[in-house]
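Worksheet: one structure, shown below.
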């Protein structure tokens, strides 16, 4: 049995995961061919948008306003934190996300960027995809538990 | 299989999922459903399955995919495996919505209500039993679209209708038609999304800024339990942020407040919409279902505590002065007893995040009610007060165990509102049914069952009558 919230969580983590996979493939292709392909431009644009969401989520405490977008940004921020486990403080986190965003912008403008930079973005989106996979897995495992079994509260259980 | 690489082996295994899923869907097409729609949905799922299979087959020789690191390729293939858990759940909704398992009498009236009164022209509904004593809403069409849109299925156009919803009801209580009035809440979820009510309501929720600032500061400074001191710096003082990173504390808090605000506003608005759609029958059903499903002050789940929910519903009920004046003293007593429980204290919250969100939401109840009222659209909300004459006549029929599906005036049958049947049913049900029990010599449970059957017949006859009028 899967609850409505869990079903929505699963939809969201799967669709976000497929998106992150798409970014990883597009970056792999860019590395392979040495240039960003036109068909991958929309994906890069969306990837940049996701990073913007992450930054907006991180800045939420500055304004403390709830709306549909703030909820999405909060989720993106939390997932990005899990994708960057070695980063401990906000300033460092923001700097890193801004760096990734800058790399994506350069890539879109110039069609190419140093391989090390592409690898950095690719590593982030792979980790991001893995973070949402854990969310999907958690829902799938939870829903297969017999009813009535205590489920310990786990981090990252929120709905999106 | 020949000596395949691990990633090829994984792909092959997921393709096995596709084939098994295809076998699973096939016999479902030959079942009988309450409408034609489940067959269309099964066809869409079948086409999606085929497109995924094709995509996986391409992976084997796709140079881009083959250039991925092993861990990246594994991650991507495993996601397809997870996708099949998801699609299997979606198919199970269809599987359990066939005629023997659904409340067949309700499907068409609910569809009509949403398509005509609420003007969701593409609204489709599957009602399926759940193995728990609770109700659930799944925005299936929209959720499936969200996932398939990210799949890049090489030109395969698979459009799931966005207004396709499935509602799970407690399978054990399939025959308790009156209690199913709680489905108004689940329909509310559909309107909440379609009307984008979140955009109107969420910005009105303003968590107390000072409390929030204090919480952030305190969380960052919180000391670890002393048991950790031995392994720390010479000062022996470690803050929580050294154990869980500062950025983790921040992201958890921000996600917590946003998630909770979003969920609770949605659930409360769906309660208000449920009432607008079904009138007091919704409150009566909520008093039956919610008081057993959740402890009155429990705030640990995805829903606000019952106390918050009933504070809102009684606020709406109190506007029904005409209706309140026709109630049997037993019904008045019942309503007053729960009103007094609801108002006995202010809602209490068990942690600071819930307190911040919950307290802010309590301030926007009028906005929630107004927004819900507008959301039900052209015909406006069902008003029990405007239908008191109809209700009083239907109550008389129900008390005699005559299906309360119509009014007879001068020998001519007059159609009544679907919601009036439910409300009249509840008004009789809440008086205790003793008179009916005595008159027909029923056992108490037998009497409740028979009475629900009469209401189910009334809903069915009312639908037939309406359809007959429409085709003439």
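Protein chains in written order, with my numbering: chain X, 4 to 163; chain P, 10 to 481.
Backbone N, C-alpha and C fix where the C-beta goes; we use that ideal spot for every residue, glycine too.
Note that the coordinates shown come from a computational prediction; the quantities given were computed from them, not determined experimentally.
Handout entry: Residue-level contact to chain X via CB, residue 178 of chain P, 8 Å cutoff
Key = Output row for residue 178 of chain P: interface = no.
Practice task
Tell me, please, which residues DSSP counts as bridged to residue 147 of chain P.
Solution key: In DSSP, residue 147 of chain P forms a bridge with P/175.
Handout entry: Continuous beta strand (DSSP E) stretch holding residue 422 of chain P: start and end
Key = In the DSSP annotation of this structure, the continuous segment of the beta strand (DSSP E) that includes residue 422 of chain P starts and ends at 421-424.
Exercise for the section: Mind listing the chain X neighbours of residue 76 of chain P? Cutoff is C-beta to C-beta under 7 Å, in chain order. Expected result: In chain order: 31 and 35.
Exercise for the section: Quick one: using the 10 Å Cβ neighbour count with 16 as the cut-off for buried, is residue 423 of chain P buried or exposed? Expected result: Around the beta-carbon of residue 423 of chain P, fewer than 16 other beta-carbon atoms lie within 10 Å, marking it exposed.
Problem - Alpha carbon of residue 309 of chain P to alpha carbon of residue 359 of chain P, nearest angstrom - result: Residue 309 of chain P and residue 359 of chain P have their alpha carbons spaced roughly 8 Å apart.
Exercise for the section: Determine contact between the stretch 425-432 of chain P and the stretch 277-288 of chain P, defined as no fewer than three beta-carbon pairs at a distance below 8 Å. Expected result: Contact between the stretch 425-432 of chain P and the stretch 277-288 of chain P is present, because at least three Cβ pairs lie under 8 Å.
Problem - Residue(s) in a DSSP beta bridge with residue 137 of chain P - result: Partner(s): P/177.
Problem - Residues that residue 417 of chain P bridges to, as DSSP identifies them - result: In the DSSP secondary-structure assignment, residue 417 of chain P is bridged to P/422.
Exercise for the section: Spell out whether any CB of chain X is found under 8 Å from the CB atom of residue 271 of chain P. Expected result: With a threshold of 8 Å between beta carbons, residue 271 of chain P makes contact with chain X.
Handout entry: Proximity of residue 264 of chain P and residue 81 of chain X at Cβ, strictly below 8 Å
Key = In contact: residue 264 of chain P and residue 81 of chain X (Cβ atoms closer than 8 Å).
Practice task
Starting from the C-beta of residue 102 of chain P, find all residues in its chain whose C-beta is less than 7 Å away, skip the five residues before and the five after it, and write them out in chain order.
Solution key: Around residue 102 of chain P: 135, 137, 147, 149 and 175.
Practice task
Kindly indicate if chain X contains any beta-carbon less than 8 Å away from that of residue 351 of chain P.
Solution key: Taking Cβ atoms only, chain X never reaches closer than 8 Å to residue 351 of chain P, which makes this a no.
Handout entry: Residue nearest to residue 50 of chain P in terms of C-alpha spacing, selected from P/143, P/306, P/380 and P/96
Key = For residue 50 of chain P, the nearest C-alpha among the options comes from P/96.
Problem - Buried versus exposed call for residue 372 of chain P [16 or more other C-beta atoms within 10 Å across all chains shown] - result: Under this definition residue 372 of chain P is an exposed residue.
Exercise for the section: With 7 Å as the limit, tell me which residues of the stretch 65-93 of chain X have their beta carbon closer than that to any beta carbon of chain P; keep them in chain order. Expected result: Here the close residues are 67, 68, 69, 70, 71, 73, 74, 77, 78, 80, 81, 84, 90, 91, 92 and 93.
Exercise for the section: From the DSSP output, read off the bridge partner residues of residue 482 of chain P. Expected result: This structure leaves residue 482 of chain P out entirely; chain P is present only between 10 and 481.
Practice task
Kindly indicate if chain P contains any beta-carbon less than 8 Å away from that of residue 143 of chain X.
Solution key: Interface residue, yes.
Problem - Buried or exposed by the 16-neighbour rule on C-beta atoms within 10 Å, applied to residue 314 of chain P - result: Its Cβ being crowded by 16 or more others within 10 Å, residue 314 of chain P is buried.
Handout entry: Residue environment, residue 298 of chain P, which counts as buried when at least 16 other CB atoms sit within 10 Å
Key = Its Cβ being crowded by 16 or more others within 10 Å, residue 298 of chain P is buried.
Practice task
Report buried or exposed for residue 92 of chain X, applying the criterion of at least 16 other Cβ atoms within 10 angstroms of its Cβ.
Solution key: By the 10 Å Cβ count, residue 92 of chain X comes out exposed.
Exercise for the section: Would you check if the distance between the CB atom of residue 383 of chain P and the CB atom of residue 220 of chain P is smaller than 8 Å? Expected result: It is not a contact, given that the beta carbons lie outside the stated cut-off.
Practice task
Count the other CB atoms, across all protein chains shown, that sit within 10 Å of the CB of residue 396 of chain P; report buried if there are 16 or more and exposed otherwise.
Solution key: Burial check for residue 396 of chain P: the Cβ neighbour count within 10 Å reaches 16 or more, so the residue is buried.
Exercise for the section: Kindly indicate which three-state DSSP category residue 45 of chain X falls into: helix, strand or coil? Expected result: Note: residue 45 of chain X maps to helix in three-state DSSP.
Problem - alpha helix (DSSP H) segment containing residue 391 of chain P, residue limits - result: Unbroken run through residue 391 of chain P: none, as it is neither H nor E.
Problem - Beta carbon of residue 154 of chain P nearer than 8 Å to that of residue 132 of chain P - result: Residue 154 of chain P is not a Cβ neighbour of residue 132 of chain P, given a cutoff of 8 Å.
Handout entry: Within-8 Å CB hit, residue 146 of chain P to chain X
Key = Yes, because at least one Cβ of chain X sits closer than 8 Å to the Cβ of residue 146 of chain P.
Exercise for the section: Could you check if residue 84 of chain P is buried or exposed, using at least 16 other CB atoms within 10 Å of its CB as the buried criterion? Expected result: Note on residue 84 of chain P: 16 or more other CB atoms within 10 angstroms of its CB, so buried under the neighbour-count rule.
Exercise for the section: Determine which residues of the stretch 385-410 of chain P have a Cβ less than 9 Å from any Cβ of chain X, and write them out in chain order. Expected result: Residues of the stretch 385-410 of chain P whose Cβ lies closer than 9 Å to any Cβ of chain X: none.
Handout entry: C-alpha distance - residue 482 of chain P paired with residue 275 of chain P, whole-angstrom precision
Key = Shown here, chain P extends from 10 to 481; a query on residue 482 of chain P therefore has no answer.
Exercise for the section: Taking only beta-carbon positions, decide if residue 254 of chain P is within less than 8 Å of chain X. Expected result: For residue 254 of chain P, a Cβ of chain X is located within less than 8 Å of the residue's own Cβ.
Practice task
Put residue 166 of chain P into one of helix, strand or coil per three-state DSSP.
Solution key: Residue 166 of chain P falls in the coil class under three-state DSSP.
Problem - C-alpha distance - residue 440 of chain P paired with residue 479 of chain P, whole-angstrom precision - result: Roughly 36 Å separates the two Cα atoms.
Problem - Inter-stretch contact at 8 Å, needing at least 3 Cβ pairs: the stretch 349-357 of chain P / the stretch 412-420 of chain P - result: The stretch 349-357 of chain P makes no contact with the stretch 412-420 of chain P; the number of CB pairs closer than 8 Å stays below 3.
Practice task
Determine, using beta carbons only, whether residue 35 of chain P comes closer than 8 Å to chain X.
Solution key: Not closer than 8 Å to any Cβ of chain X, the Cβ of residue 35 of chain P fails to qualify, so no.
Practice task
Could you work out which residues of chain P lie near residue 25 of chain X, taking near to mean beta carbons separated by less than 8 Å?
Solution key: For residue 25 of chain X, the chain P residues whose C-beta falls within less than 8 Å of its own C-beta are 159 and 161, listed in chain order.
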